[in-house]
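Those letters in the sequence shown? Residues 1 to 627, per our numbering, in order.
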Amino acid sequence: MNPSNSSLLYFRGVPLLVWCVSFALLMLHGLPALSGTVQIGYFTAATIAQAALLALPAWLLARGASATRPGWLRFSLLALLHLYAVGIALAIDANYQIYALYGFYINGFVWNIISTPGGLEALGFSNSFYVSSALLVLLVAAVYAAAVRWLPLARIANTRPVRAAAAVLPLVFLLQGGIYAYADHTGEQQILQSVQRIPWYSPITAKGLLSKLGVERKRPELDGSLSRRKGKFTYPAVDAQSIVLDKPYNIVWLTSESWRADMLDPRIMPETYAFARDNVHFLNHYSGGNGTRMGMFSQFYGLHGNYWFDALPAERPPLLLETLRKNSYSLMAYTSARFSYPEFDRTIFRNFARKQLHSDHEGDPWQRDIRNVSKLTAFINSAKQPFFSFMFFESTHANYSFPAENALETDYLEDFNYLDTDIKGQISRIKARYINASHHLDSQFARVLHALKESGRLDNTIVVITGDHGEEFMENGRWGHNSTFVEQQVKVPLVLHIPGQKARTIERMTSHVDLPITLLSAMSRLQGIDKRQVSFGHDLLDKNYRHDYLVVSDWHGSTLIAEDLKLVLSAKASDERGRFFTRDDRPLAEADAAALSRRLIGDYLRETPRFYSRRGKSGGQPPLAAP
């Protein structure tokens, strides 16, 4: 055998190794979650095809290296080949780790976290996580190096069974793709659910062809079609200059990361609970999203979360904050994360000057919160009135941060390492960390409220206390947020202090989208303003307040929440758990929800394009300039 042929066989052996490792990892992680001959059989065929797709880049690199004369190009291709082989094994394992935590694989949302400044910081990795990750990379690289050095890859790759199997791969790919296309068209859940266990699965659909062949379409379209852009983004539809503030109250807006509704408890948060009891406390309040991006966006813009994808490229700030700016408010915002992730420096706070944005991201989150509260209270004591101040608290974000003196629950997990912690087995001790972090959060809210009282400014100040979204602790099978729309992930506290409003609790369903119009209505008579042009929300304090349904969004779509139904329209979330639930997350049969769901979807389709104009027509305000 001449050297060139030997080299070619060697390079062909590496893609074979990539395919074997990919197939083994996919089967190892995916198969235990499946049952029944149909699911297991289809999953196996789909995994064979998916492993081949993952090995394809290695095969192309190997072909390129073997066809290149020795030199820098061959060396570079060979280095890329080995890096890819190690990287794909790590990526498959990382995908399943992420899926176990959040219910999704590495996707556009995850890439946004990785590529946006401050994104990885926001995940709250512990130091032990980085150590474990480095050791895992070294271990995989060492095993791979040993396999390349000692396994007869060239000889194995050239055997008749391997060559025959490679020849059959295109047929397997087409067969499993055809089965999926049919299952997608007819709603065959055993097939559709099985591919949820395959990261980066590339589905083949044939809705048009199958319809022409007379195959009945049984699977309804999800939110990908419902929330598609319907024209030019026309927000704000009202000029901020036209809104005159008759009662220019100060505003102190406090939002905490991952703060779910049941944490506002007299034992866990006594100071905040006492403040809620003396003001307007909303007991069934929903975020506009199950993650920070949509949760923050909805509470400042009063728009459904899927409008984020229009507001970001337009870099258009919310009407509420523009109104304050044009009415000569002193503006200041603090975060214990970064304003760049999510991109709030380009959206919510787009027209704040750099000196008006204070980001503290050094040290533990509880330490950042303490430092930022000190800055915020100093601003409250010295600011020229009227003023707006905002603070984003980070202590309650995973992995839940608190000083030792705030350990209300003593049996908590001391080192929460995402990589090697048994989340399900340790969930009660993980939640204990969260309770302790919420207890610490209470002390920081109390410092702000005390500063307002001591300065004599509380009687002339609106105070908003809420969370960006909730946090689940395996009550419905997931930990954290950003995965599904269960109550624990989307229901948050809301306390409002508005001068002149009597203390009371409000039990009706309310939403983050209601906050902007509520504050504007408290400060202005909004003469000549159509409130429907301001937001999707309603004045929370209006005696005629009513929502037929609320909209909660994620990166992939939305969920509609009514009194008697939770209708999941996000493709990712519906594939994870289903589409129809009661409000408290008990599954509903489609037949039991059909009439109400049709009405909700019809209303949603009519309402959701409100802030789009027809394509090709102008409308709305142009992007606003920075000060």
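For each residue, glycine too, the CB sits at the ideal point set by N, CA and C.
These numbers were taken from a predicted model, which means no experiment stands behind them.
Practice task
Output the boundary residues of the alpha helix (DSSP H) element that contains H481.
Solution key: Counting along the chain, H481 falls outside any alpha helix (DSSP H), and DSSP gives it neither H nor E.
Practice task
With DSSP as the reference, please indicate the residues paired to A333 in a beta bridge.
Solution key: In the DSSP output, where bridge partners are listed per residue, A333 has L357 and F390.
Problem - Per-residue DSSP class, three states only, for L226 - result: Bear in mind that the predicted position of L226 carries a pLDDT of just 46, short of 50, making it unreliable; the figure below should be weighed with that in mind. Reduced to three states, the DSSP call for L226 is helix.
Practice task
Answer with buried or exposed for E322, where buried requires no fewer than 16 other C-beta atoms within 10 angstroms of its C-beta.
Solution key: buried
Problem - Cα-Cα separation, A24 to Y96 - result: Approximately 13 Å, taken between the alpha carbons.
Practice task
From the DSSP output, read off the bridge partner residues of I506.
Solution key: F282
Practice task
Please confirm whether K491 and G470 have their CB atoms less than 7 Å apart.
Solution key: A contact, by the Cβ cut-off of 7 Å.
Handout entry: Proximity below 7 Å, CB of T255 to CB of F388
Key = no
Exercise for the section: Look at the Cβ atom of Y334, then the Cβ atom of N372, and state whether they are nearer than 7 Å. Expected result: yes
Handout entry: Length of the line joining the Cα atoms of L210 and V568
Key = 26 Å
Problem - Residue from R429, S242 and I198 with nearest C-alpha to D530 - result: Checked all of R429, S242 and I198; the closest Cα to D530 is S242.
Exercise for the section: Verify whether the separation of the beta carbon atoms of E405 and I435 is less than 7 Å. Expected result: Not closer than 7 Å, so no.
Practice task
Compare the Cα-Cα distances from S521 to each of R508, D420, D246 and A146 and report the closest residue.
Solution key: D246
Practice task
Express the C-alpha separation of T466 and S287 in angstroms, rounding to a whole number.
Solution key: Spanning the two alpha carbons is a distance of roughly 9 Å.
Exercise for the section: If I'm right that R277 touches P342 with Cβ under 8 Å, what's the distance once you round it to whole angstroms? Expected result: Actually they do not touch by this definition, with Cβ atoms about 33 Å apart.
Problem - Spatial distance of T68 from R74 (CA atoms) - result: 6 Å
Practice task
Please confirm if the segment 179–190 is in contact with the segment 36–51, defined as three or more CB-CB distances below 8 Å between the two stretches.
Solution key: yes
Handout entry: For I48, three-class secondary structure by DSSP
Key = helix
Practice task
Count the CB pairs spanning the segment 548–566 and the segment 301–313 that are closer than 8 Å, and state whether there are at least three.
Solution key: yes
Exercise for the section: Spatial neighbours of L17 within its chain, please: CB distance less than 7 Å, with the 5 preceding and 5 following residues excluded, ordered by chain position. Expected result: A85, A147 and L153
Exercise for the section: Can you tell me which of the three DSSP states G578 falls into? Expected result: coil
Problem - Pairwise C-alpha distance: H82 and A145 - result: 9 Å
Handout entry: Same chain only: Cβ atoms within 6 Å of H497, ignoring 5 sequence neighbours per side
Key = N279 and V463
Handout entry: Beta-carbon gap between I251 and F300 smaller than 7 Å
Key = Contact: no.
Handout entry: T234 - DSSP class collapsed to helix/strand/coil
Key = DSSP places T234 in coil when its eight states are reduced to three.
Exercise for the section: Could I get the ranges of all uninterrupted alpha helix (DSSP H) runs contained in the segment 265–332, with 4 residues as the minimum, in chain order? Expected result: 270–277, 292–301, 308–314 and 319–326
Problem - I198, DSSP secondary structure in three states - result: Coil, per DSSP.
Practice task
Below 7 Å CB to CB, which residues in the same chain sit around M27 once its five sequence neighbours on both sides are set aside?
Solution key: Correct list, in chain order: T47.
Problem - CA nearest to the CA of Y99, picked from L171, Q50, N158 and I198 - result: Taking only the C-alpha atoms, the option nearest Y99 is I198.
Practice task
Just grab the DSSP bridge partners of S256 for me.
Solution key: F393 and G467
Handout entry: Check whether A593 and L550 have beta carbons under 7 Å apart
Key = no
Handout entry: Run of the beta strand (DSSP E) containing G557, from where it starts to where it stops
Key = G557 to I561
Problem - Spatial neighbours of D539 in its chain, beta-carbon cut-off 6 Å, leaving aside the 5 residues before and after - result: I517, T518 and S521
Exercise for the section: Check I462 in the structure and name its three-state DSSP category. Expected result: strand
Practice task
Kindly indicate which residue of Y329, W259 and G30 has the alpha-carbon position closest to the one of S194.
Solution key: G30
Practice task
For the beta strand (DSSP E) containing V215, list its first residue and its last residue.
Solution key: From DSSP, V215 is part of no beta strand (DSSP E); its letter is neither H nor E.
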